[in-house]
Amino acid sequence: MRRPDSGRPLGRVPVRYAVHHLQATGGAALSADKALTTGNTGVDGAPSPAGAWSHRRVVALLGSVALGVLIIDLVTKDLAVRHLEGRESVRILGGAVYLLLTRNSGAAFSLATDYTFVFPIVATAVAGWIGWMARRLGSAPWALSLGLVLGGTVGNLADRIFRAPGPFVGHVVDFISVFDPDGRGFPVFNAADSALCVGVGLAVLLELTGRRRDGTRVAIRAGDSGAVAGTGDTDVPDSRRDGV
Numbered sequence: 002m003r004r005p006d007s008g009r010p011l012g013r014v015p016v017r018y019a020v021h022h023l024q025a026t027g028g029a030a031l032s033a034d035k036a037l038t039t040g041n042t043g044v045d046g047a048p049s050p051a052g053a054w055s056h057r058r059v060v061a062l063l064g065s066v067a068l069g070v071l072i073i074d075l076v077t078k079d080l081a082v083r084h085l086e087g088r089e090s091v092r093i094l095g096g097a098v099y100l101l102l103t104r105n106s107g108a109a110f111s112l113a114t115d116y117t118f119v120f121p122i123v124a125t126a127v128a129g130w131i132g133w134m135a136r137r138l139g140s141a142p143w144a145l146s147l148g149l150v151l152g153g154t155v156g157n158l159a160d161r162i163f164r165a166p167g168p169f170v171g172h173v174v175d176f177i178s179v180f181d182p183d184g185r186g187f188p189v190f191n192a193a194d195s196a197l198c199v200g201v202g203l204a205v206l207l208e209l210t211g212r213r214r215d216g217t218r219v220a221i222r223a224g225d226s227g228a229v230a231g232t233g234d235t236d237v238p239d240s241r242r243d244g245v
C-alpha cells in the first residue's frame, strides 16, 4: 500500500554542494547529513567551526610576522648606525622620542649587561621553543604573539652573532629614547625590543582571557571554580575555537 505524501521536502543534498564533502570514500553513498557536519579540522583532528584558521594558515601568519619584524629591525638598525653615529640625539614627535645611537651588551632595555654570553643561548632556546610550539598551533592571536617574540628574538640574536666585539658577544644596536635626549629617564631600545614587549604582553592577555595555543578557549563561568575547555562544539555556548 502506498504511503500518503507527508508534504515535507525531501532531505536532498543541495545541487551546488561540493562532491568531495558528500562522499567520504570512493563508491560510498552520498549523504547530506555527513556533508552538513563535515568542516575544517583543527590541529588535533577535531572538527572546527566555520571561520576557524587552519594550522597551515596560522603557521604562515607566525612566519610572516616574525619575518616582518626581523626586516624592520635590521633595516632600522642599519639606518641608525649610518646616520646617527657620532651625532647628537635627534628630537622627533615634539620631544616624545629622541633618536640616540647606543650599543647594548645586555638584554632588552639594557638589562644584565654583564652577562652578554648568556643571551645568545637564551635567544636560541626561545626560538627553538617557538618552533616546537608551532607544530600544534591553531590560534591566529597566538600566532601573532609568537611571531612578534620570534622576530624580536632573532633580530637581537643577529646583533649578538655578527656585531662587534665578536661572535656571540656582540653588542645590540639601540637607538630609541623616550622623553630624554640622553637616554637616562628610560633605557634606550630598538624595534626588536618593542616587538618582544608587545608579543609577551599579548601572550599574557591571551592567557588571562582563556585562549589556548591550539585554538580552543577556556571560559570560567560565574560562581564556578572550574574551567570548561573549548572544543569547538556549537552546543556549548561559552566555549569555542578562535575564528580570528
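Counting the sequence shown from 1 gives a position; my numbering is that position plus 1.
Backbone N, C-alpha and C fix where the C-beta goes; we use that ideal spot for every residue, glycine too.
None of these values were measured; they are calculated from a predicted model.
Within 8 Å, strictly: CB atoms of residue i and residue j
| i | j | result |
| --- | --- | --- |
| N191 | V170 | no |
| L63 | L147 | yes |
| P182 | R57 | no |
| L197 | W143 | no |
| D175 | T77 | no |
Cβ-Cβ separation, residue j to residue i (assumed contact under 8 Å), whole Å
| i | j | result |
| --- | --- | --- |
| A193 | N157 | 5 Å |
| L151 | A128 | 6 Å |
| V199 | L149 | 5 Å |
| W54 | A141 | 5 Å |
| L75 | A159 | 7 Å |
Selection from the options that minimises the alpha carbon distance to residue i
| i | options | result |
| --- | --- | --- |
| G132 | F118, T117 and T154 | T154 |
| I177 | E208, V98 and D79 | V98 |
| T117 | A165, A81 and G202 | A165 |
| P121 | S65, T103, L85 and F163 | F163 |
| N105 | G184, G69, L68 and G211 | G184 |
| V201 | S65, L145 and T125 | L145 |
DSSP-derived helix/strand/coil call for residue i
| i | result |
| --- | --- |
| F118 | coil |
| A25 | Residue confidence is low: A25 scores 49 on pLDDT, short of 50, so the model does not pin down where it sits. Its coordinate-derived value is still stated next. The answer is coil: DSSP assigns A25 none of H, G, I, E or B. |
| N191 | coil |
| S55 | coil |
| H84 | helix |
| V76 | helix |
Proximity test, residue i beta-carbon vs the ligand FMN heavy atom, cut-off 7 Å
| i | result |
| --- | --- |
| V174 | The ligand content of the structure shown is nil, which means the ligand FMN is not present either. |
Review point. What alpha helix (DSSP H) runs, 4 residues minimum, are completely inside the segment 153-213?
Key: 192-209
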